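Residues 1 to 696 in the UniProt record's numbering are what the sequence shown spells out, letter by letter. Glycine residues also receive a C-beta, built at the ideal position from the N, C-alpha and C atoms. All values derive from a computational prediction rather than experimental measurement. What follows is a set of notes on a single structure, which appears directly below.
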Amino acid sequence: MDSHTDLVLREWDCLIGTIKPGSALSLSGDGLKVPQVVAVARYSIRTDITSEALQSLDASSGILAKRLAAGEVIYGVNTGFGGTADVRTKKVIGLQNALIRELHYGILPPEPQDTERRLLQNSLMPQEYDISLDSSNEVTYLPKSWTRAAILIRINSLIKGCSGIRPVIVERLQDLLMHDLVPMIPLRGSISASGDLSPLSYLAGAIQGKTTIRLLSLSGEKLTAAEAFRKLGLKPVSLEAKEGLAIVNGTAVSAAAGALVLHDTHVLAVLAQILTAMSVEALKGTTESFHPFFSETRPHPGQIESASNILAFLENSKLTQVNTGAGASLRQDRYSIRTAPQWIGPVLEDLVLAHQQISIECNSATDNPLITPEGNFLHGGNFQAKAVSSAMEKTRQGIQSIGRMLFAQCTEIINSSMNNGLPPNLVAEDPSTSLIFKGTDLYVASLTSELGFLSNPMNHVMTAEMGNQSLNSLALISARYTNTANEVLSQLMAAHLVTVCQAVDLCALHAGFIEAYKPQFSSVLRDIYDGHVDHNLETLLWSQLLKSFDITVSLDADDRFIVIAKSLRGTFLDNFSPNDPSIFPLASMNKFIDALADSMKKQWCCDRDAYLVHADARPYLGKASKALYTFVRKDLGVPFLSTRELRTPKVDGTDARPYTVGSYNGIVYRAIKNGTMAKVVMDVLREARSQKIVER
């Protein structure tokens, strides 16, 4: 089985190749890939159907016509459906039209002709209010991309030639894609048992050119299928025997949603590994946790892959440290980064299996009955979408696992008692008057709790349709909530990325200050003690200063540096030589403390003010962090945050556009959602993989 890294890079290359200008996707019933579904759904890539596939439809529909003419009883052709399959009819065309018509039961937004208000009794009118007041902008119909993907997958399924339909059916479905005639399909109402019956009925209604089928339009133009067909000169299809059932009896909508959702989750899973590497740097962690020996002794494929990726992402980092446990510090990193490979690994393995399931589903005949090449009608259950449910359940629970890990990383970075020397709430100024990332701590807690709820299994199966559908997969419902989980995780990742960029900036600020101040420290020491302090003592004093610098992050600058300077007294006294008491008179020590505190404060304030204007942590970062940091800071324009960037602007509009922490989180979130960050993430992953190949 492929590694997740190999799978994701191959699929990404396929997507990039498919969306090139002038590209067209050839459909044959086999070989349709998840990224090709994405290309048609989101980038409106043109499709063609092979002549061989159309010929197979002619053969299949011919078989159906002969068997029907011979008087054979065929389910869904001259019988009722489901629990009423014992009913017989000779009105085979009317039966198909009735099926489609009566599956249009979902709720969609109201139309101008809706008359429920006029039907209300006068006594009820005062109680009516505008229901949009209670709306949180949740739409009641499927996303346009999902519907385009569903049309594509249904075409690919039908052209396998197992359903007995004429070529005109798939040709007209293809016209929907070509002309972007996307029917509005209710969000709810499918149990994905006998396929996605109701959602797919709106595709059937669309190619019939019905006045009851509304189309989604990016331009905002409101058209029905009938109006659109008339406008474009398209001829509506009149359904013949079995064709209505063939369209609706399938898993295309569930598979479509699953394909798009899984594609997004793949990118988020890679981003989670990069964020983990960035968190290691922000927390000044060690690369020891990702040593290959751990995976050699516990060789789970996902663990091996994740550890290898994170280690490669950290290459060239100047922020990671070798942890010796000196100075009473923790000997090892905390769980959120130390056990990340063991936590992420199983998720990657699940995503690979989920991808296999969805890929197979996109290339499957899911109708019933199916017609064999020999002309036999086989009645079975290929419409049962449990494979899609299985893929989505694994994916959604994996999303929750990733979110829980990132939550732990993010909150540890914000918490000054756990973040190895960063200020509380990651403030760039004095901590007594700034709380910049305290809200983020609350925000990620809320998102993680929601992910926990969303990870519950979609196993609430109800017997439906006269007791006939006692097992139903709920695949579309599962896919919908997996998509919601992706949305929540994307928001959490956006907040985490803004947070970790702030953290590495602070690390860079601190490191730059320490580098710049070391010569000054030696100079102050020489000036006060006239060169009588030996190198060993100077080293001990500097070590104590660094320790005190990390543990005084909660103090304002006015107090912090005098506390740091005073902390050196103990080191002086511990190394006091009674044989030469003149070297350490009390007066000189106090003078040294005052001079040290003053020089540190001046250097710190100077460095901090300069860094606020020209922040750049890239010289300290590993390869992956540098790429993501550059994207956030340069391409997206999210700055190193201080009070200046967040101060409420003047009412007169003379100030620049107002921003909040949420505004910056939103910028990053939209980059995650719209595919731009995916390009950066894939480039980082490809470089890491190439690096590992060279090392072998």
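Can you check which of these residues, 459, 460, 410 and 429, is closest to residue 441 by C-alpha distance? By 1-based counting over the sequence shown, the position of residue 441 is 441. Ranked by Cα distance from residue 441, the first of 459, 460, 410 and 429 is 410.
Test item: CB-CB of residue 206 and residue 183 under 9 Å: Working through the sequence shown from its first residue, we reach residue 206 at position 206. Working through the sequence shown from its first residue, we reach residue 183 at position 183. Cβ atoms of residue 206 and residue 183: closer than 9 Å.
Where the alpha helix (DSSP H) through residue 13 begins and ends: For the purposes of this step, residue 13 is taken as the residue at position 13 of the sequence shown. Where residue 13 is concerned, the enclosing alpha helix (DSSP H) stretches over 4 to 18.
Just the C-alpha distance for residue 485 and residue 370, rounded to the nearest angstrom, thanks. If you number the sequence shown from 1, residue 485 lands on position 485. If you number the sequence shown from 1, residue 370 lands on position 370. One C-alpha to the other measures close to 36 Å.
Cα separation between residue 499 and residue 318? Counting from one through the sequence shown, the residue named residue 499 turns up at place 499. Counting from one through the sequence shown, the residue named residue 318 turns up at place 318. Here the C-alpha atom of residue 499 lies approximately 19 Å from the C-alpha atom of residue 318.
Report the rounded CA-to-CA distance for residue 52 versus residue 29, giving the unit in angstroms. As a working mapping, residue 52 is identified with position 52 in the sequence shown. As a working mapping, residue 29 is identified with position 29 in the sequence shown. Rounded to the nearest angstrom, the two C-alpha atoms are 10 Å apart.
Here's the rule: buried if 16 or more other CB atoms are within 10 angstroms of the residue's CB, otherwise exposed. What is residue 563? Position 563 of the sequence shown, counted from the start, is the residue given in the question as residue 563. Counting Cβ neighbours within 10 Å, residue 563 comes out exposed, since fewer than 16 surround it.
Expressed to the nearest angstrom, what Euclidean distance is found between the alpha-carbon atoms of residue 84 and residue 353? Here residue 84 refers to the residue found at position 84 of the sequence shown. Here residue 353 refers to the residue found at position 353 of the sequence shown. One C-alpha to the other measures close to 38 Å.
Alpha carbon of residue 444 to alpha carbon of residue 492, nearest angstrom: Residue 444 sits at position 444 when you count from the first residue of the sequence shown. Residue 492 sits at position 492 when you count from the first residue of the sequence shown. Their backbone Cα atoms lie some 6 Å apart in a straight line.
Taking the beta carbon of residue 609 as the centre, do at least 16 other beta carbons fall within 10 Å, making it buried, or is it exposed? Taking the first residue of the sequence shown as position 1, residue 609 is located at position 609. Classification for residue 609: exposed.
Between which two residues does the beta strand (DSSP E) carrying residue 26 extend? Mapped onto the sequence shown, residue 26 falls at position 26. Segment 24 to 27, the beta strand (DSSP E) holding residue 26.
My output table needs one value for residue 485: the three-state DSSP class, helix, strand or coil. As a first step, residue 485 is located in the sequence shown; it is residue number 485 there, counting from the start. Of the three classes helix, strand and coil, the one that applies to residue 485 here is helix, per DSSP.
Residue ranges of each alpha helix (DSSP H) run of no fewer than 4 residues wholly in the segment 412 to 457, ordered along the chain? 438 to 454
Contact check, residue 312 vs residue 691 under 8 Å by CB: the rounded distance? The residue you call residue 312 lines up with position 312 of the sequence shown. The residue you call residue 691 lines up with position 691 of the sequence shown. Sure, about 5 Å apart at Cβ, within 8 Å.
Can you tell me the Cα-Cα spacing of residue 174 and residue 160, whole angstroms? For the purposes of this step, residue 174 is identified with residue 174 of the sequence shown, where counting begins at 1. For the purposes of this step, residue 160 is identified with residue 160 of the sequence shown, where counting begins at 1. If I take the Cα positions, the gap works out to 15 Å.
Below 8 Å on the Cβ atoms is my contact criterion, and I expect residue 224 with residue 216 to pass it. Report the Cβ-Cβ distance as a whole number of Å. Residue 224 sits at position 224 when you count from the first residue of the sequence shown. Residue 216 sits at position 216 when you count from the first residue of the sequence shown. That pair is no contact at about 12 Å.
Count the other CB atoms within 10 Å of the CB of residue 664; is the residue buried (16 or more) or exposed (fewer)? In the sequence shown, the residue the question calls residue 664 occupies position 664. With 16 or more Cβ atoms within 10 Å of its Cβ, residue 664 is classed as buried.
My output table needs one value for residue 461: the three-state DSSP class, helix, strand or coil. Taking the first residue of the sequence shown as 1, we reach residue 461 at position 461. It is coil, neither helix nor strand.
Simplified DSSP assignment, three categories, for residue 685: To locate residue 685, count along the sequence shown from 1; it is residue 685. Looking at residue 685 - three-state DSSP - the assignment turns out to be helix.
Proximal residues to residue 489 (C-beta, below 7 Å), its chain only, five neighbours per side dropped: Residue 489 sits at position 489 when you count from the first residue of the sequence shown. Closer than 7 Å at the Cβ level, and outside the excluded window around residue 489, lie 268, 399, 402, 403 and 451.
For the alpha helix (DSSP H) containing residue 667, name the first residue and the last one. Taking the sequence shown and counting its residues from 1, one reaches residue 667 at position 667. Residue 667 -> alpha helix (DSSP H) spans 661 to 673.
According to DSSP, is residue 475 part of a helix, a strand, or is it coil? As a position in the sequence shown, residue 475 is number 475, starting the count at 1. Reduced to three states, the DSSP call for residue 475 is helix.
Quick check: the segment 474 to 484 against the segment 429 to 436, are there 3 or more CB pairs under 8 Å? no
CB contact flag (residue 158, residue 2, <9 Å): In the sequence shown, counting from the first residue as 1, residue 158 sits at position 158. In the sequence shown, counting from the first residue as 1, residue 2 sits at position 2. No, Cβ-Cβ distance for residue 158 and residue 2 is not below 9 Å.
CB-CB under 6 Å to residue 199, same chain, minus the five flanking residues each way: which ones, in chain order? Mapped onto the sequence shown, residue 199 falls at position 199. Here the set comprises 185, 190 and 253.
Would you verify that the beta carbon of residue 505 is, or is not, closer than 9 Å to some beta carbon of chain D? Here there is only one protein chain, and chain D is not present.
Find the nearest neighbour of residue 212 within the set 103, 523 and 662, judged by alpha-carbon distance. Taking the sequence shown and counting its residues from 1, one reaches residue 212 at position 212. Out of 103, 523 and 662, 103 has the C-alpha closest to the C-alpha of residue 212.
Within the continuous beta strand (DSSP E) that includes residue 338, where are the two ends? The count along the sequence shown starts at 1 and reaches residue 338 at position 338. In this chain, residue 338 is not harboured by any beta strand (DSSP E); it is covered by the alpha helix (DSSP H) spanning 335 to 338.
For the pair the segment 276 to 284 and the segment 380 to 390, tell me if three or more CB-CB distances fall below 8 Å. no
8 Å Cβ shell around residue 320 - same chain, five flanking residues per side excluded: By 1-based counting over the sequence shown, the position of residue 320 is 320. Contacts found: 280, 281, 284, 285, 286, 287, 314 and 622.
Please classify residue 303 as buried or exposed, where buried requires at least 16 other C-beta atoms within 10 Å of its C-beta. Counting from 1 along the sequence shown, the entry for residue 303 is found at position 303. Buried.
Identify whether residue 233 lies in helix, strand or coil by the three-state DSSP scheme. Residue numbering aside, residue 233 sits at position 233 when the sequence shown is read from its first letter. Residue 233: coil per DSSP, three-state reduction.
Three-state secondary structure (DSSP) at residue 88? As a working mapping, residue 88 is identified with position 88 in the sequence shown. Strand, per DSSP.
With a CB to CB cut of under 6 Å and the five nearest residues on each side skipped, what residues in its chain are close to residue 147? Locating residue 147 in the sequence shown gives position 147, where the first residue counts as 1. Cβ contact annotation for residue 147 (same chain, cutoff 6 Å, sequence separation greater than five): 182 and 185, in chain order.
May I have the straight-line CA-CA distance separating residue 417 from residue 46, to the nearest angstrom? Numbered from 1 along the sequence shown, position 417 holds the residue referred to as residue 417. Numbered from 1 along the sequence shown, position 46 holds the residue referred to as residue 46. Spanning the two alpha carbons is a distance of roughly 56 Å.
Kindly list the residues whose CB is nearer than 7 Å to the CB of residue 246, restricted to its own chain and excluding five residues on each side of it in sequence; keep chain order. As a working note, residue 246 is residue 246 in the sequence shown. The residues are 158, 163, 164, 165 and 367.
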